[in-house]
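Residue numbers (this note's numbering), protein chains in the order written: chain A, 745 to 1064; chain B, 745 to 1064; chain C, 745 to 1064; chain D, 745 to 1064; chain E, 745 to 1064; chain F, 745 to 1064.
Here a beta-carbon is modelled for each residue, glycine too, at the ideal position from N, C-alpha and C.
Quick notes on the structure that follows.
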């Protein structure tokens, strides 16, 4: 019998218990104060990139969650991943609240001034129409262009080093986005909220880097770390292939000479980059592919050829 | 100044405070026991539909979250939405854990029996390759076919009745999926887990229906409820248009006669369905659309025509 | 032999016949008059949400079609689904025509007034660039942000109650969108067209609700209705789990006390929400997963471990 | 006033009328007989490619519909497009019915023979899980891998020649798919249905080609046909650029010598392909882009730089 | 042993060699000069459609690449495809450079004039926010609305005629887009670049048409060309089905009379379009589908019914 | 005037020139030898993940290309990015060729042995149907589940450090995938090809790390590096927020104590994680949002409220 409790003996029954508190809890207060002095519906649109874009909070929330849920190593890394995943849910709430408040009202006289000032109009551009049409003045799980969040950008590969690398990258991209959003607003409340989120991005990036340091000399690490390059491919593992036709690489760059960062090789340059393979010549297709006369071999006989022709008759044989 | 605290006077500063607990918390134990007696990697694949499919937990989690974050009415509905949204995060964890455990090992002798038993092989079909290739034996934020979760299916429209309708539908679809998953397994642990999830789907569907009842006579409600059909369109609001060429509608069906469910009209049938409009004849395109000679009006003169031609020269005028 | 005719004897040949009319027909006139007094290319963009958004006509058209094509119950429900699916095709045409006409021209003097009036400019925002670039002044199968229609949002699950719930929701969302579009225009023709579409949304929502009523006491229904909650899970089927850390639920809300809406239980509240499961502890990964040293069990032995290692040698054995 | 009726005088009111029949109609019988002798759930999966894949019927249905709805030229082309678009809706129904019937039952003894015959098992592969999980034994609006239909592949560009080219291509791809599906089945009913669909693909391809012939010498046509290549770019309009490093192009191929097919030039070859541009050197970014120290110009001053910095203060000025 | 070299004897080892140059090379200079006189960030947005839209360069680049990589016929066609695929990579670079340069700065005084001129503001609309937020003033692999490139639109079907048809269509659509972009700018550099790209689109369209001519009488060709329509379906292969209810087709159109373009039939019209099939009646679903009482056959017994019920017990038998 | 040449004087014309070689070139030979001893169509499917998945070559190719095309800093980094982007195009070709060769034929006797061996059948699972249906035995631009490549996963943010982080992550994920593919095959040719690709992934990861080292102390770097955390947010920049309800963080982990990795702070832990914000209370919606009676403020008056109501009348005023 397979079960999920760490210290249970094989065969021992797994006893469900009524815990005192549920697995996820939500607290009334926001993770950080959201204050909007000058509501700006275009800035609401910009904030959506930090919610549903590939640089946004829905991505890191999902990424850290699935990395944690599937982690098979020491409990401390699972805890760390899930603690921060849970923090990111609160960041989604902070940003969604900021979007909703930027879509709210202001004094009427002020509004007409804003929207009829041509400089502001030109620079502000347009609303995200779905903020009104689909969301009714609330945030959407999509990016600044209204493209719905797509989990295609989530990296959760079940290798701690690769995961940490992916997380460092996600925070680097997210922090860059947050600083650009910061430049787009003079609103003190929004600036303060973004400074808080930038600080948290800083910490998160630092903590993923700290795990890499804890795991060993970072520079030496490849992910996955348990697969070694062997001859003859070790020579390909530390050589820059120069695919530029008209430029030579600087011979003294960090990546063209000296020891590699994992300490296992010496950087070199291949000028020009080699073509190590043959000219590819594919076999003609069997007739049932309908590839056209010029690309078809009359006799057929490929795996798929037999597969496709065989399917019907095989079914036939077992049918009355 | 705009701010988010309910009882704050205008102009009064909003004072951030150090709360005693964070906005979202995660508890060590799962929302429900996950026990897998006979690990089955194909069943792991099937469970993915309940994680990342449009019928799955990532959808309802995101849907209830964004409905709650953007809700502008009484606090009790916001609380209810966020409490259940938070519960759904835990369901994602339960299912992701079940996937990971179904991908785990069994005794070797048993494995070969399973995979070489042709009846099992034929019926089980194939693994989700990304469970191994991308997830390294863990769940993915995608559906049973490996299609990544796409928030396109999230309904969070800022109208409580429409939201409740969408939530009732999401739970109806999710509960149907869960019962089908239940049929696919004889594993006692998986059956128990699915029975729990089905029970929770039941409660969630009941609670959204209860809100509709609390809001007033459900049958009478349209969403949005504050837009009335007026003459001449009130006649179109309770008539079934029969677009079938060769069938008449039964005159005694609930939807073809008797009072409408909102109590505002009487059902009728239009046989055949009417075409109430004109034959559409679009104007020829201006030349700059390059619509082809047969579709172009030489003189141009449309809004867009002037727009496009004007853009360059307008820029020109303000350039040196 | 399997065939699709209802009253055919087994073994009797199915005789195709030349019917007098084809399966789908198109009539010259529009389903409703499309009149545009003041062409507005930004409103054309807004209308796209009602064509290709998850709230739009392409979604309900596809949803009702596939529900009807796959329906295995009484003919009257299939007829009803396909009649309304067919009606929705006509709504796509009405809206696509409205988009095309809003992209058409107006008198030149008027145009310059419109586009140079800063209040209008600021409020109108920008065109959907693909209306010109890709469509050449015609509608696109996409939403107001130009995101192409994605059938991911289509619910067609082969359970009549779940389908009806999904259809009620789709019309609720669609009707909400239509009323918001109505607010965005003063054009009498566009207002009239939207009033017609709102009336049809009303009828469609009423008819799906009528089916639910006809099928039995609506409040009592879960989808699927043929799966009962049994002990010990019946207690989970009517209890609100409160995942809020700092708020108690009102004890007198419709969803926290009194009989459940399906008449099978009594609402209660679990304060706080329980964690009914164990702490999840996953097994280490086998070496071939390359999960990193800290997450790997040397001996391997899992289903997938054997699977992956076995694949090559199994192929090997049957190769020369 | 703008309106859609062709012969109406300006200012004359557009009178809606009660037509005798609705815009789209659905007939009871299928467009073609669907007969399945040996139900095969894997073949059901394969048929999905012809429903929801980029080569499938949902694509051409949507493509011809939107081309027709937006067409601004002679009525006969609009009619032709909409007649065939309407036909394609019926093809979706035929295929969806075929999927549903392939998912239906057969005699039990036969079934076990089929699924336990290893040759069949190996060749048949696995079911599309969503046929059961999401569709409940019915077709889905998705492709053979369960990827939902995405209107991204629809070409409807508002230029008749480009549209005809796109339609010829869509039918060529669709017909290729249909012949490959034909090779996968021995079922007489399925073979007959596919032969019918292939015949219709033939006609559709022929009719789009016929429009191209009717419009003028096909070979001479570029789309859009109203934009001429002029010096110095006319030389680039008929020269093959050889980007292969190690191969010369045959000088006597149809595309390397002789008159061009539009009769306006003479084919030549550029060996090697020229690089006609400069080395691109982008300006450093302004500070607010946060592009990194090495990529930043201290002074800033770009359009966007001023834009972003200006936004806040502009808003500021109009706020109290 | 299977290998990719054309003239190698079976069994002979394939000797990798160090070629003198790598498979792809990049040259310093652009394929064509990119000059921007009046940087226009909205035009940058428009250019994105030509990069990442279905009409754009990423699509044709990927399409020609995959057609070439998989081609199984004569080398000259593979060479031609890959030469032009390689050219398209350079077009992506040209357009990405043009986007970056349009996002660059201009003299400050000029900028304020531009953005505060209401006519320009109104017509220019808004920036693509991700040009700043995500790209930091550089091009993105997405379309004019910021929708990321999706390879769903790539046609690479392994049939030369279908591929050529798809390529002719792609260039027709792309050329139409380029001429519309041309109309949107007065910038001499941008106009010159677009004229160059239009000329190359011309050549590419001509060369794909030339292949079709070289392969035989184009008009006679169907794709795939090796599948003949036979009786009784040959009659369906040349008959226009008129699905319009209220219009007859012109009898003298090119597609309604006279010889078909492939020379194999004579065009006719079916008025009205026939329904050649039966009324579809699907079997009730087995209980495990949970299709609802009205759609369920108590006895079950379908292929899938047995499949699903059998799975668990089959697994059971091989488990201890 | 803006132009792209580095050393051109302002106003000096940019002279296009006929370069000696085009911008991208393609060489006949593959980047590495592709040899397939035992063609395996299921392995062909697995290889697709390395072509079109988020871990694959189309992603890194597009990512490095767009990073290079938009780079605004020193030429050496642009060169490096484009050299490696160009190398990745060749990797796509290598993998697409490997897919095509795995889909090719083997001796017939062997084939039947393979497909009828139940152990192989069970473990191999099913083909990617589109390899036959859509590709005609060639590779597709999609992943192992047939999901088309989506550029949503491309990170190209215009900040060199963030880009390098994203590139290190992409190679870590890609290298992990490649080692897992390596475990799935015993084919010597495929193993050799994968070892080569793994070696190149090694080098690419090393070179991106080398850039980070060259740019300064890696550990100290945040991206973007030019935005400092200031009081009061500097305290949030180095504190781990523990969102776990039932676990304390280890106080001696690298990320909970000691100097931060950027040397600017000291790690601490917040137990429990704080909620630093207020309870969010959104304003009621204006009537035109149709948010439902309970969520609507009668008076309206918000920015958007005025916006939407004002639009029509503003248009009205400038219309006759």
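Are the beta-carbon atoms of residue i and residue j separated by less than 9 Å?
i: residue 796 of chain D; j: residue 902 of chain C; result: no
i: residue 844 of chain C; j: residue 941 of chain B; result: no
i: residue 892 of chain A; j: residue 788 of chain B; result: no
i: residue 1040 of chain B; j: residue 970 of chain D; result: yes
i: residue 769 of chain A; j: residue 768 of chain B; result: yes
i: residue 936 of chain C; j: residue 816 of chain C; result: no
Residue i to residue j, Cα distance in whole Å?
i: residue 833 of chain D; j: residue 846 of chain D; result: 20 Å
i: residue 994 of chain C; j: residue 1016 of chain C; result: 13 Å
i: residue 923 of chain C; j: residue 841 of chain C; result: 19 Å
i: residue 1030 of chain D; j: residue 800 of chain D; result: 48 Å
i: residue 938 of chain C; j: residue 927 of chain B; result: 45 Å
i: residue 1033 of chain F; j: residue 996 of chain C; result: 30 Å
i: residue 917 of chain E; j: residue 885 of chain F; result: 21 Å
i: residue 986 of chain F; j: residue 992 of chain F; result: 7 Å
i: residue 1070 of chain D; j: residue 774 of chain E; result: Given a span of 745 to 1064 for chain D in the structure shown, any question on residue 1070 of chain D remains unanswerable.
i: residue 949 of chain A; j: residue 982 of chain F; result: 10 Å
i: residue 839 of chain D; j: residue 792 of chain D; result: 8 Å
i: residue 889 of chain F; j: residue 794 of chain B; result: 18 Å
i: residue 1002 of chain A; j: residue 934 of chain E; result: 45 Å
i: residue 1065 of chain E; j: residue 821 of chain D; result: Beyond the ends of chain E as shown, which are 745 and 1064, falls residue 1065 of chain E; an answer cannot be given.
Strictly under 9 Å for the Cβ-Cβ distance: is residue i near chain F by that measure?
i: residue 872 of chain C; result: no
i: residue 784 of chain B; result: no
Tell me residue i's beta-bridge partners as DSSP assigns them.
i: residue 1029 of chain F; result: F:1040
i: residue 886 of chain D; result: D:892
i: residue 776 of chain C; result: B:1020
Return no unless some Cβ of chain B is closer than 9 Å to the Cβ of residue i.
i: residue 767 of chain F; result: no
Does the beta carbon of residue i come closer than 9 Å to any beta carbon on chain C?
i: residue 924 of chain F; result: yes
At least one CB of chain D closer than 9 Å to the CB of residue i: is that the case?
i: residue 819 of chain F; result: yes
For residue i and chain E, any beta-carbon pair shorter than 9 Å?
i: residue 800 of chain D; result: no
i: residue 797 of chain A; result: yes
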